[in-house]
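Right, one structure below, let's go through it.
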Amino acid sequence: MAEKRGTLAVLTGGGDCPGLNAVIRAVVKTAVTHGYEIYGIRNGFHGLIQDDMKKMSMADVSGILPRGGTVLGTTNRDNPFHYAAGEDAAGNVIYEDRRDDVVRNLNAHGIECLIVIGGDGSLKIGYDLHRFCGVNVVGVPKTIDNDLPGTERTFGFDTAMAMATEALDRLHTTAESHHRVMVLEVMGRYAGWIALHSGLAGGADVILIPEIPYRIESVIEKVKARQAQGKQFSIIVVAEGSKPVGGKMTVARLVKNSFEQVRLGGVGNKLADEIEAKTGIEARCTILGYLQRGGSPTAFDRVLSTRYGSAAVEACLAGAYNVMVALSSGEIVRIPIEEVAGKPHQVPLDSDLIRAGRNLGISFGD
Ligand code: F6P
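Per UniProt numbering, residue 1 is the first one in the sequence shown, and the count goes up by one each step.
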């Protein structure tokens, strides 16, 4: 047993994501191996505000590597700087600043560094805890959307992409048999990474992403051109954040007291309806939704998650706080968390992925 070194804590914040448990496992195992005591905080920042945490041992992470979700629980609400404490008589949310509770709870357990496994919202909170409260933080980039800057990959993306690709393969069967246009709506929030990668991997004819506003005429042109070549079906993958030129993203609903103000969704059905109305070709939409986030991580995500979790504790060992571990040229590196927090990472328009798609005749709806 290594000599006792100090105390760390780990939490998972935001939406669940394949690979979370693999990161938790790697963090706990690496921490214990190096003599740290490690607390697991339940339900993200909520647990930190409420002092809901437990010491973790090797036994707590046994068998969790292939499991989806997070054994710690998570939430995409409960920002300590803007904590929804309830509603007033008129139904307005009452917000409180609970940063002092966070600092008190961390100090009470002697926690010298908080490992935040999260996407943009959680990492921004981590950064704010560092700059406003002096908390030492190490971030781990999580999200199926792959929309964080400074890293070539967030863990969870590979699994979501594989799921969307499988869905496209399956949709091909019905599209071909029934001579239909099949639209697959995928997640990704304001970035088109899942749509772009799965569209290339799944042989889509049209890929619509938020970074390239689409014209419905252009989409229809592609469907008709295929018909003219004797191809009686078309496959379209559309990112949930896609919008027409001069139009807006499709919002499923507004949400209160969440890291995000809106829930995206519905563009796929709109698109299918428009295509059918304007061409007379039967069109159907499938919304892949949370199937992209659930279940077991791919081997790639398990390895990446393991590397990230191990590197997060190594950063603590080196006293390299207020960083995010990241993948750069295939190596795990540390980058200042301020370079990431609150900054989006969309598909660059000069991406070779888009170029490859265009070279193959894929329409981006522009
Ligand atoms: O960020 C991951 C993600 O799945 C997005 O792709 C999607 O827009 C959003 O979360 C959905 O969040 P919620 O769990 O709040 O519905």
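Beta carbons are placed, not taken as given, at the ideal position from N, Cα and C, and that holds for glycine.
Check: Own chain, CB closer than 6 Å to T30, minus 5 neighbours either side, in chain order; Outcome: S310 and V313
Check: K55, DSSP secondary structure in three states; Outcome: strand
Check: C-beta atoms of I115 and V27 nearer than 8 Å; Outcome: yes
Check: CB-CB length for V219 against I275, believed under 8 Å; Outcome: 7 Å
Check: Range covered by the beta strand (DSSP E) that runs through L304; Outcome: No beta strand (DSSP E) contains L304, which is instead part of the alpha helix (DSSP H) from A299 to L317.
Check: Inter-residue CB distance, P344 and G19 (contact presumed, cutoff 8 Å); Outcome: So it is not a contact: roughly 21 Å between Cβ atoms.
Check: Residues that DSSP places opposite S328 in a beta bridge; Outcome: E331
Check: Contacts around G139, its chain only, beta-carbon distance under 6 Å, and the 5 residues preceding and following it disregarded; Outcome: V116, L123, G126, M324 and I337
Check: Residue 368 versus I24 - alpha carbon distance; Outcome: The requested residue 368 does not occur in the structure, where the chain is confined to residues 1 to 366.
Check: CA nearest to the CA of R131, picked from S234, P149 and R99; Outcome: R99
Check: Reference I281; option with closest CA among L196, K54 and E221; Outcome: E221
Check: Which of helix, strand or coil DSSP assigns to E217; Outcome: helix
Check: Nearest-angstrom beta carbon gap, A201 and R293 [assumed within contact, 8 Å]; Outcome: About 18 Å; that fails the 8 Å criterion.
Check: Distance cut-off 7 Å: M249 Cβ against heavy atoms of the ligand F6P; Outcome: no
Check: Residues that DSSP places opposite V237 in a beta bridge; Outcome: L184 and I207
Check: Delimiting residues of the alpha helix (DSSP H) encompassing V347; Outcome: V347 -> no alpha helix (DSSP H), and no H or E assigned at all.
Check: 4 or more residues per run - each alpha helix (DSSP H) lying fully within the segment 98-141; Outcome: 99-108 and 120-133
Check: Rounded Cβ spacing between G230 and I209 (contact assumed at less than 8 Å); Outcome: Wrong, their Cβ atoms sit about 28 Å apart, outside the cutoff.
Check: 8 Å contact criterion, which Y190 and Q346 should meet: CB distance rounded; Outcome: 7 Å
Check: Touching by the beta-carbon criterion (3+ pairs, under 8 Å), the segment 261-273 and the segment 77-90; Outcome: no
Check: Residue interval of the beta strand (DSSP E) (run including L254); Outcome: V251 to L254
Check: Heavy atom of the ligand F6P within 7 Å of N269 beta-carbon; Outcome: no
Check: Exposed unless 16 or more other CB atoms sit within 10 angstroms - verdict on T33; Outcome: exposed
Check: D352 versus H197: straight-line alpha-carbon distance, rounded; Outcome: 11 Å
Check: Beta-carbon proximity list for I212, same chain, < 6 Å, skipping 5 on both sides; Outcome: F364 and D366
Check: Run of the beta strand (DSSP E) containing L11, from where it starts to where it stops; Outcome: G6 to T12
Check: Residue closest to N322, alpha-carbon to alpha-carbon, out of D88, L11, S62 and N136; Outcome: N136
Check: Cβ shell of P244 (< 8 Å), same chain only, five flanking positions each side left out; Outcome: P213, Y214, R215 and I216
Check: In DSSP terms, what N79 is bridged to; Outcome: H82
Check: CA-to-CA distance, E240 to M249, given in whole angstroms; Outcome: 8 Å
Check: Exposure label - S329; buried when at least 16 CB within 10 Å; Outcome: exposed
Check: Unbroken beta strand (DSSP E) run spanning A283, endpoints; Outcome: A283 to I287
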